[in-house]
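Structure, as structure tokens:
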Amino acid sequence: MRRRRRGLSYLPPEPTRTSFLIYLLVAGLCFGAIFFFKNQIIKPVSGKILDAYSGKPVIGATVLLENDQRLSKTASISNILTTVTDLDGSFSFDKATDNLTLNVSANYYIPEKVKANPSATISISLRPSILRGIVKDSQGKAIAHASVTSGDKNVLTDLDGSYVINDVPEEGQLVVKAAGYKPATVAFKRTQTQDVTVKNLVVKGIYLRAAVVADGANFQNILNLISVTELNTVVIDLKDSNGWTYYDSKNPLARPAPEGKGKIPNLPAVVKSLKEKDIYTIARISVFQDASLTDVKPEWAIKSRSTGKLWADSARFNWANPYLKEVWDYNIDLAREAAASGFDEIQFAFVQFPASGQIADIDYGRSSNTESRVLSINGFLKEANLQLNKLGVFVSVEVMGQSVLESGDLGIGQDISQIADQVDYISPVLFPSYFGANSFGFANPASQPYEVINKSLTYARTKLEGKRAQMRPWLQDFSAEGSTYNAPEVRAEIQATEDVATNNKVVANWLLWNSEARYTAAALRKK
């Protein structure tokens, strides 16, 4: 049978549209499901950042949002988003996922990291990390250069009396010290602001050898003198220029004074009894002139270039090497013991390089010049202040009288303008009998006690302008060869000190020296 051939008029069957519509429907459902699913994943989140102490909004805080990595990838949104809080402390994000993390930071606050879900408004409290305030006196005057300590943090107040301490705990104590004022300890708790008021401290003191303190009858005479006069301070030798210690030191390098030299048997008890009488206490520690330490540790001593043996000054004293940190540490450790015994202040003496003897024969084991000497002296005092400041005690230094009158370091490393940044008080030895003929234009300076002290302190104050330290001179209360000092002479020295202080609107402080503790009662005002 023959097949019929297809003609041109033949058309193929019309294709069905059912499958195409199904494709469109399925695609629509898929896109809809994805859109719906994304909408279920992506949610807005908002909240507030508040100060944990005050409850006030934290403005300008940075809020970094970390979305759940898997969900953000599924939803095709960024994993990391950032914004800042507005004037109300509020923040918001349009695209967030469940299991999000918020990292919040702001200046002067401790950062917070919070896990959250965007189901509710989030409130996050930031704890302040700083404490700020102003230190002022009882009249409201701002105190510059005051030391403010919290734990291991220490700062000095600015010229306007303000301070800022970073990384402080929620609660603690501030220890505030300023030259010319009594130390103040103030508690703080959950606050960013803590002002401190300090009271004036007037020091009118006398020097006492340990033997005087150890002698009951002699010491009682001193206490009787203090009770009826303007005196309110004692300076007690704990380590003298021989290097002998006059108390029970726990430092294995310390060498106690020989028997009969006047060791103080119970130093903390003595200090406590003095403070109960409202007597200000200063421990005096001689530093680099120390024949005892050089006996124990000859490798820490200044050597002679010519002999290689220990070098001695014109008085045949050996000296510890001021460049050695080990020598610093030993003396600071003794000072820490004194502070632990209750002393209000540590005064370092002989903080200098040798001034007499064959200076050219000295071997320090290194090069030595003006710059290195000054750096060494300042370094010791800075380290001592750093450690003792934490214990709440003042730090002072005894210096040669000439060092406050002449420029440079006098070859001994004492540059007063630099030392004044390291300590609370500087005590120059201003004994008129120690000044040479024609000093200040006087043939015999010892005969002009008022003028010598007035001129010395007036000039010395120019070196302390804008500095932390205050001047507190050692005054002469003894007769020397060619000069007899009685009540008029001693009173003239005191009056000169007070006049200079009044002219400069600062508190007058002074110390009297008599190595035998035979002080001139008639030169002192009555209580």
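So the number in our numbering is just where the residue sits in the sequence shown, counting from 1, plus 1445.
Backbone N, C-alpha and C define an ideal beta-carbon position, used for all residues, glycine too.
Since this is a predicted model, take the numbers as computed values, not measurements.
Of the residues the options, the one placed nearest residue i, counting alpha carbons only
i       : options                            : result
ARG1635 : GLY1500, PRO1799, LEU1969          : GLY1500
THR1929 : ARG1913, ASN1889, PRO1628, GLU1943 : ASN1889
ASN1948 : ALA1968, VAL1935, LEU1902, PHE1923 : LEU1902
THR1566 : PRO1743, SER1491, VAL1842, TRP1689 : SER1491
PRO1502 : GLY1534, LEU1516, LYS1518, VAL1508 : GLY1534
ASP1513 : LEU1576, ALA1506, LEU1526          : LEU1526
PHE1795 : ASN1687, SER1574, PRO1628, ALA1805 : ASN1687
LYS1560 : ILE1777, ASP1543, GLU1675, ARG1963 : ASP1543
ASN1611 : LYS1622, ILE1579, ARG1936, SER1574 : SER1574
ASN1666 : VAL1600, GLU1910, ALA1962          : ALA1962
ASP1806 : VAL1849, SER1884, ILE1747, PHE1793 : ILE1747
ILE1857 : ALA1905, SER1801, GLU1675, ASN1883 : SER1801
ALA1551 : VAL1897, LYS1950, VAL1508          : VAL1508
ASN1645 : LEU1495, TYR1870, ALA1941, LYS1627 : LYS1627
ILE1861 : PHE1876, GLN1893, TYR1904, GLN1832 : TYR1904
THR1638 : ALA1629, PHE1664, GLY1650, TYR1608 : TYR1608
SER1848 : SER1817, LEU1836, PHE1880, GLY1824 : PHE1880
LEU1516 : ALA1541, VAL1613, TYR1775, ASP1496 : ALA1541
C-beta atoms of residue i and residue j nearer than 7 Å
i       : j       : result
GLY1617 : ILE1588 : no
SER1568 : LYS1493 : yes
VAL1732 : ILE1791 : no
GLU1943 : ALA1953 : yes
ALA1966 : LEU1670 : yes
TYR1870 : GLN1915 : yes
VAL1868 : VAL1842 : yes
GLY1846 : LEU1875 : yes
ALA1497 : SER1570 : yes
ILE1727 : PHE1793 : no
Environment of residue i [buried if 16+ CB atoms lie within 10 Å]
i       : result
SER1878 : buried
PRO1973 : Missing from the structure shown is residue 1973; the chain here goes from 1446 to 1972 and no further.
LEU1826 : buried
VAL1529 : exposed
ALA1662 : exposed
LYS1722 : exposed
VAL1673 : exposed
GLU2013 : Only positions 1446 to 1972 of the chain appear in this structure, which leaves residue 2013 out of reach.
LEU1474 : The predicted position of LEU1474 is uncertain, since its pLDDT is 45 and thus under 50; no value can be drawn from it.
GLN1584 : exposed
LEU1532 : exposed
GLU1782 : buried
ASP1597 : exposed
ASP1650 : Residue identity check: residue 1650 is Gly in the sequence provided, not Asp. Burial call: buried.
DSSP state of residue i mapped onto helix, strand, coil
i       : result
PHE1887 : coil
ASN1611 : strand
PRO1743 : helix
GLY1492 : strand
ILE1804 : helix
VAL1716 : helix
ARG1447 : Note that ARG1447 scores 48 on pLDDT, short of 50, meaning its location in the model is unreliable and no value can be drawn from it.
GLU1843 : strand
THR1903 : helix
GLY1650 : strand
ILE1857 : coil
ILE1730 : strand
ASN1823 : helix
PHE1664 : helix
ASP1758 : coil
GLU1557 : strand
ASP1778 : helix
ASP1682 : strand
ASP1944 : helix
LEU1957 : strand
Residue i at chain D interface by Cβ criterion, 7 Å
i       : result
SER1878 : Looking at the structure shown, chain D is missing, and only one protein chain is on hand.
Meets three-Cβ-pair contact criterion under 8 Å: the segment 1676-1686 and the segment 1647-1655: Short answer: they touch.
Is there contact between the segment 1786-1793 and the segment 1704-1722, where contact requires at least three CB pairs shorter than 8 Å? By the criterion of at least three beta-carbon pairs nearer than 8 Å, the segment 1786-1793 is in contact with the segment 1704-1722.
Counting Cβ pairs, one atom from each stretch, are 3 or more of them under 8 Å apart for the segment 1771-1783 and the segment 1701-1708? As far as the Cβ criterion goes, the segment 1771-1783 does not touch the segment 1701-1708, which means the pair count is below three.
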